[in-house]
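For what it's worth, our numbering labels the leading residue of the sequence shown as 77, then goes sequentially. Notes for the one structure printed next.
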Amino acid sequence: MKEKLRGWEQNLATLVIGADSLWGGDYQAPSGKDHFVAEPWTREWETPKVYEDSFAAELRAQGGVLGLDGRQAEIQDFAARHDLTGLAAKIRRKAISLPRHRAYFINNLVNSLSLIVLTGLAQAKVRSYSFPSFEDRYRAATLYQGSIQLVDVKEERKNLENLLSRAGYKNRSLLGAVQEWETAHGRLDPEQIPQKVTEILSKVIPLTKEQLIRHLDVQLKGDIWKRLVDVPYNGFEFEMFSMPSRPEMTGSQAYFGGNKNQRPALRGLFEYNKDYPMTYLGLIALCLHEVMPGHYFHSVATDLASNLGFEATIPTMCSPQVALWEGVAQNSIGFLFDTEDEAYATLAKLFEVKEIDLRIQYALDKLMDAAKHNAPIMHQREGMSEKKIREYASKTCALTDPLPTKIWGWAKHPLIGPMYACSYEQGRRVVTGMIKQHGRIPAAIAAYNLSGSIVDIETFQNILNSSE
Ligand SMILES: [Zn+2]
C-alpha cells in the first residue's frame, strides 16, 4: 500500500519530481543510469501527479530539456501546470514552524531545487528566464559563503611527486610518473572485478563494524535490530554493464531500501561500467567510497535511523545533502581511523598491498576532487576552452585517460558542474574539518543522520557546533 502525501510534503515531492523531469530523470527506473535529480524513494510514497503528466513522460524519454529543442511553450505550460516556480515559496512558509535544523534542511533543499528548475527553463530558452549565475548555483549546492576560488593543487602535486619518487617512479612529468605507476600495477581484467569487489567487501564490512559502527550507540526505528552493528548490510548488489563509447563513466550507485518479508530490505545497487579502467588500488578506494563506510552505509543508517521525517526518504542530487554525502564518502579513512598512518598501515596489511601505493592512490583522489571542483569554474565562469580543461586535468592534476574526458563532461554541464562536481572538494574539506574539531565518532553520528535529524553540509555543522 502506498502512503499518501499531504500538505508541504506533497509540494516538496512535486518540486523534486518536476525538477527531475525537466532534466530527464526517472526516479522509478530500476537502473541508476536513468536517475538524475531524484534518487529512488526509500518508502512507498504515492506517485506525484507531475510524474504521470504525459509531457513528463516525453521529457524522460528525450533526456529532458536538453533533448527537446523548440518546445518552449510546452515546457513553460508543464512548469506552470505544476507550479514548479511557485512551490518553493509555499514550502518555505510551512517549513518555518518545523524544528530549527529540519527547517534549515528543507529551506536549503528547496533553494537548490528552485535553481535546478530555473536552470532548466533557461536551458529550454523559455521566455523571460535566463541562467541563474554560476555563483548562485555553486552556493545553493555547497552552501559555501566565502569567495569562490580555484583550489590550489601545488602542495598536492608536490606530495604526489614525493610519494611516486619514493616508490621508484621518477619521470620528468608528474603525469608520466603516474602513468608508469599505473602500468606497473596493471589494470584489472573487467571479468575479475565482481569477484574482487566481493573479496574487498568481505574485508571492509567487518572493518567498518569494528572501527566505526560499534561505537555508534544510537536509537534505531523498528525492533528488528537493536544496534547498527547488528545489521547484516547484506542488501548490496553489484552489477556490471558495458558502455565502450563512454569509458569515462564509472557507473551509478542507488539505494532502494524498502521492505522484504516485513524486514528492511536494505537494497542498494552499484552498477559499474566495465569499460571504465580500474586498478586494484582504485577498486579498494572505490569500495570504501561507494559501499562502506561511504554511500551504502550512509543510506542504510538513514533508512534505519529513528525520528527522521519525509525528506529523509527522498534523497536528491545537486543539493547540499549531496555535498555532505560526497564529503563523507571522501572521508572514509578519516571515519575509520584516528590517524592517516594507522589507516594506511592497517589497510595495506588487510589488502596485501604496499602502504606507499595506498598513499599514492589517495593523493590522486585528492587531485581528482580538485579537478572536479576547478574545471567547472574555469570553463563556465572564466570561459576556458575544452582543450585547456582537458590539459589542466591531465597535466596539472595528473589524471590519466579517460578521466580528462569525465572532467570535461562534468565541467560543461549546467547542473553537474556547479551543483555536483564542486561538491566533492567542498564536502571533503568541511567533513575533514568537523572530524578534526569534534572527533570522528561524534562527527559520524551527526553526518550519518543518527542524531535525530536528517542533515546537509550546513546543518551537520550546526548540530556539531551547538552540541558543545
Ligand atoms: Zn560518491
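In this text, a Cβ means the ideal position worked out from N, Cα and C, and glycines have one as well. Predicted model only: the values in this text are computed from it and were never measured.
Buried versus exposed call for residue i [16 or more other C-beta atoms within 10 Å across all chains shown]
i: ILE492; result: buried
i: SER527; result: buried
i: GLN199; result: buried
i: LEU259; result: Residue identity check: residue 259 is Thr in the sequence provided, not Leu. Exposed, since its Cβ has fewer than 16 Cβ neighbours within 10 Å.
i: ILE539; result: buried
i: ILE182; result: buried
i: SER470; result: buried
i: MET77; result: exposed
i: LYS96; result: In the sequence as presented, Lys is not what sits at residue 96; that position holds Asp. Counting Cβ neighbours within 10 Å, ASP96 comes out buried, since at least 16 surround it.
i: SER375; result: buried
i: ASN525; result: buried
i: LYS448; result: buried
i: GLU324; result: buried
i: ARG176; result: exposed
i: GLU79; result: exposed
i: GLU172; result: For the record, residue 172 in the displayed sequence is Ile; it is not Glu. Under this definition ILE172 is an exposed residue.
i: GLN397; result: buried
i: PRO320; result: exposed
i: SER395; result: buried
i: MET106; result: The sequence given here places Pro at residue 106; Met does not occur at that position. Looking at its Cβ environment, which holds fewer than 16 other Cβ atoms inside 10 Å, PRO106 is exposed.
i: ILE511; result: buried
i: ILE517; result: exposed
i: ARG248; result: exposed
i: GLN502; result: buried
i: ARG290; result: exposed
i: GLN535; result: A quick correction: the sequence has Thr, not Gln, at residue 535. Per the 10 Å Cβ criterion, buried.
i: ASN87; result: buried
i: LEU377; result: Rather than Leu, the amino acid found at residue 377 in this sequence is Ala. It is buried - the Cβ of ALA377 has at least 16 other Cβ atoms within 10 Å.
i: GLU428; result: exposed
i: THR415; result: exposed
i: GLN537; result: buried
i: GLY196; result: buried
i: ALA133; result: exposed
i: GLU128; result: exposed
Distance between beta carbons of residue j and residue i, contact taken as under 8 angstroms
i: ILE465; j: ILE453; result: In fact, because the Cβ distance is near 10 angstroms, the residues do not count as touching under 8 angstroms.
i: ASN184; j: ASP532; result: 5 angstroms
i: LYS170; j: TRP84; result: 4 angstroms
i: LEU304; j: PRO340; result: Contact doesn't hold; Cβ gap of about 12 angstroms is too wide.
i: LEU189; j: LEU91; result: 5 angstroms
i: THR355; j: ARG263; result: 6 angstroms
i: SER328; j: GLY108; result: 3 angstroms
i: VAL113; j: ALA155; result: 15 angstroms between Cβ atoms; not a contact.
i: TRP486; j: ALA446; result: Incorrect: roughly 13 angstroms between the Cβ atoms, too far for contact.
i: TYR309; j: MET368; result: 7 angstroms
i: THR472; j: VAL229; result: 6 angstroms
i: VAL202; j: GLN255; result: Contact doesn't hold; Cβ gap of about 46 angstroms is too wide.
i: ILE276; j: LEU359; result: 6 angstroms
i: ALA399; j: SER499; result: 4 angstroms
i: SER318; j: ASP351; result: 6 angstroms
i: LEU357; j: GLN268; result: Rounded, the Cβ-Cβ distance is 14 angstroms, inconsistent with contact.
i: GLN456; j: PRO494; result: 7 angstroms
i: GLU237; j: LEU250; result: 6 angstroms
i: ALA89; j: ILE390; result: 7 angstroms
i: ASP151; j: LEU144; result: Correcting the residue type first, residue 151 is Ile in the shown sequence and not Asp. 7 angstroms between Cβ atoms; contact.
Those runs of the alpha helix (DSSP H) which lie wholly inside the region 379-422 and span at least 4 residues: Fully enclosed alpha helix (DSSP H) runs of 4 or longer: 396-405, 408-412.
Within the structure, which residues are defined as neighbours of ligand 1 by a Cβ-heavy atom distance below 7 angstroms, reported in chain order? The set, ordered by position in the chain, is GLN329, HIS365, GLU366, GLY370, HIS371, TRP401, GLU402, ALA405.
Check whether the region 297-317 touches the region 340-356, counting contact only when three or more Cβ pairs, one atom from each stretch, lie closer than 8 angstroms. Three or more Cβ pairs drawn from the region 297-317 and the region 340-356 lie within less than 8 angstroms of each other, which places the two stretches in contact.
Any contact of the region 121-132 with the region 392-412, i.e. 3+ C-beta pairs under 8 angstroms? No: the two stretches stay apart, fewer than three of their Cβ pairs being nearer than 8 angstroms.
Quick one: any contact between the region 220-229 and the region 418-430, if contact means 3 or more CB pairs under 8 angstroms? No: the two stretches stay apart, fewer than three of their Cβ pairs being nearer than 8 angstroms.
I'd like to know if the region 132-139 and the region 89-106 are in contact, where contact means that at least 3 CB-CB pairs between them fall below 8 angstroms. Taking one beta carbon from each stretch, the region 132-139 and the region 89-106 have 3 or more pairs nearer than 8 angstroms; the two touch.
Taking only runs that begin and end inside the region 288-334, name each unbroken beta strand (DSSP E) of 3 or more residues, in chain order. Runs of the beta strand (DSSP E) spanning 3 or more residues and lying entirely within the region 288-334 occur at 312-317, in chain order.
Take every Cβ of the region 356-366, pair it with every Cβ of the region 259-274, and state whether three or more of those distances are shorter than 8 angstroms. Touching, yes, given that three or more Cβ pairs across the two stretches are closer than 8 angstroms.
Quick check: the region 108-121 against the region 380-398, are there 3 or more CB pairs under 8 angstroms? Result yes; three or more Cβ-Cβ pairs closer than 8 angstroms.
Measuring CB atoms only, is the region 240-259 touching the region 516-523, in the sense that at least three cross pairs come out at less than 8 angstroms? Not touching, per the Cβ criterion.
Check whether the region 426-444 and the region 203-216 touch, using three or more Cβ-Cβ pairs below 8 angstroms as the test. The region 426-444 is not in contact with the region 203-216.
Where are the alpha helix (DSSP H) runs, 4 residues long or more, that stay fully inside the region 453-488, in chain order? Counting only runs of 4 or more residues that sit fully inside the region 453-488, the alpha helix (DSSP H) segments are 462-467, 479-488, in chain order.
Taking only runs that begin and end inside the region 491-536, name each unbroken alpha helix (DSSP H) of 4 or more residues, in chain order. Within the region 491-536, the runs of alpha helix (DSSP H) at least 4 residues long that lie entirely inside it are, in chain order, 498-514, 516-523.
At least three beta-carbon pairs within less than 8 angstroms, the region 280-295 to the region 410-417: By the Cβ rule, the region 280-295 counts as touching the region 410-417, because three or more pairs are nearer than 8 angstroms.
Could you tell me which uninterrupted alpha helix (DSSP H) segments, each at least 4 residues in length, are contained entirely in the region 201-236, listed from first to last along the chain? Inside the region 201-236, DSSP marks whole alpha helix (DSSP H) runs of 4 or more residues at positions 210-218, from first to last along the chain.
Whole alpha helix (DSSP H) elements within the region 145-181, 4-residue minimum: 148-157, 163-171, all fully within the region 145-181.
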